[in-house]
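As structure tokens, the structure follows; a few thoughts come after it.
In my numbering, the protein residues as written are 18 to 111.
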């Protein structure tokens, strides 16, 4: 089953035994903008955004973290081990 915030955002996921297995946190100012999520027993993953509402960082205190750089035709993703991946986009919306 699922739990929801008063604004209709997914807040929690429960397994068949009704144990919460995942939780989500949202920005109070921007409806639907997830700022963190957590699997039960694991560290919380946090997100940062730019002024256009795009994810710029995914922060994991116990594992790999990622930064996202946006350009007109590509997104460069860099992990905390300095490995890079480039996603090529097309059109104005990517």
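Beta carbons are placed, not taken as given, at the ideal position from N, Cα and C, and that holds for glycine.
TODO: Grab me the residues of residue 67's own chain with a C-beta within less than 7 Å of its C-beta, minus the 5 sequence neighbours each way, in chain order.
DONE: Within the same chain, 73 come within 7 Å of residue 67 by CB-CB distance, once the 5 residues on both sides are set aside.
TODO: Please check the pair residue 12 and residue 75, which I expect to be a contact at CB under 8 Å, by giving their CB distance rounded to whole angstroms.
DONE: It is not possible to answer for residue 12, since the shown part of the chain is limited to 18 through 111.
Open item on the list: Quick check on residue 47: does DSSP put it in helix, strand or coil?
Closed with: In the three-state DSSP reduction, residue 47 falls in the coil class, being neither helix nor strand.
TODO: Could you pull out every unbroken alpha helix (DSSP H) segment of at least 4 residues lying fully inside the stretch 51–103, listed in chain order?
DONE: List check, alpha helix (DSSP H) in window: nothing returned.
TODO: Identify whether residue 40 lies in helix, strand or coil by the three-state DSSP scheme.
DONE: Strand at residue 40.
Task: Beta-carbon proximity list for residue 22, same chain, < 6 Å, skipping 5 on both sides - done: Closer than 6 Å at the Cβ level, and outside the excluded window around residue 22, lie 28.
TODO: Express the C-alpha separation of residue 90 and residue 59 in angstroms, rounding to a whole number.
DONE: Roughly 35 Å separates the two Cα atoms.
- [ ] Look up residue 20 in the DSSP assignment and say whether it is helix, strand or coil.
- [x] The answer is strand: DSSP assigns residue 20 an E or B state.
Open item on the list: If I follow the unbroken beta strand (DSSP E) through residue 107, where does it start and stop?
Closed with: Run containing residue 107: none; DSSP gives neither H nor E here.
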